[in-house]
Amino acid sequence: MLHQEMANALNKQINREMYSAYLYLSMSNFSDKSGLKGFANWFMVQYHEETYHAMKLYGYVQRQGEDVVLDTIKAPQAEFKSALDMFTLTLEHEQYITTSINELMDLAISKKDHATQIFLEWYITEQVEEEENDNDIIAQLKLIGDNPHALLMLDRELAGRSTNVPTDFTKGAEQEE
Ligand code: OFO
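Those letters in the sequence shown? Residues 3 to 179, per our numbering, in order.
Okay, here's the thing in structure tokens:
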């Protein structure tokens with residue numbers, strides 16, 4: 003059982019995570035058409051991770067016997083100035099998500115909702131990792147500057163990113179990685 007305010011806030015977070023997925027899918031598409039296939043892979047992996055974040059919330063709201071409410075997903079930006087521009091926007095977006103997860107935790111604490119506090123701990127840890135990944139790539143892109151050879155070397159490295167998050171939710175939305 004969830005407090006209605008908590009259920010509403012978790013439903014809003016489902017939408018934010020789906021928007022995150024949509025934003026990174028857009029960045030993957032832009033990278034692909036810019037000839038940066040490794041960056042396209044990195045953002046496609048991120049798309050899957052964000053879909054999983056949304057589906058974990060979806061499963062949790064359902065298991066708590068509350069209604070999942072799916073809202074309109076806003077269209078993401080389609081054009082970007084550079085790889086550094088994409089990762090700068092990614093970091094800014096992740097900082098916004100971190101704030102929203104912290105607000106969900108504050109609400110769960112104020113409602114004495116212990117189950118939701120435990121559930122949200124996974125997201126709090128995940129956000130530290132996400133911001134760290136973005137900061138690392140931004141630092142590399144700043145070193146690369148206008149050097150296309152170095153950019154292609156990073157592109158090759160990002161081509162190796164993979165994920166083990168579930169992409170098949172037929173056995174339930176809240177599976178473990
Ligand atoms: Fe990128 O962590 Fe979810 O949104």
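Just so you know, even glycine gets a beta-carbon here, dropped at the ideal spot from N, CA and C.
Item	Value
Spatial neighbours of Phe82 in its chain, beta-carbon cut-off 6 Å, leaving aside the 5 residues before and after	Phe32 and Met88
Backbone CA spacing between Gly61 and Ala85 [nearest angstrom]	34 Å
Three-state secondary structure (DSSP) of Asn104	helix
Contact test: Ser28 Cβ vs the ligand OFO heavy atom, cutoff 8 Å	no
Whether Ser22 touches Met46 by CB criterion (9 Å)	no
Among Thr53, Ala77, Tyr98 and Met155, the one whose alpha carbon lies nearest that of Val167	Thr53
Secondary structure of Pro150, DSSP reduced to three states	helix
Option nearest Asp69 by Cα separation, candidates Ile16, Gly147 and Asn137	Ile16
Boundaries (first-last residue) of the alpha helix (DSSP H) holding His55	Lys39 to Arg65
Neighbour-count burial assignment, Lys114, 16 or more Cβ in a 10 Å radius	exposed
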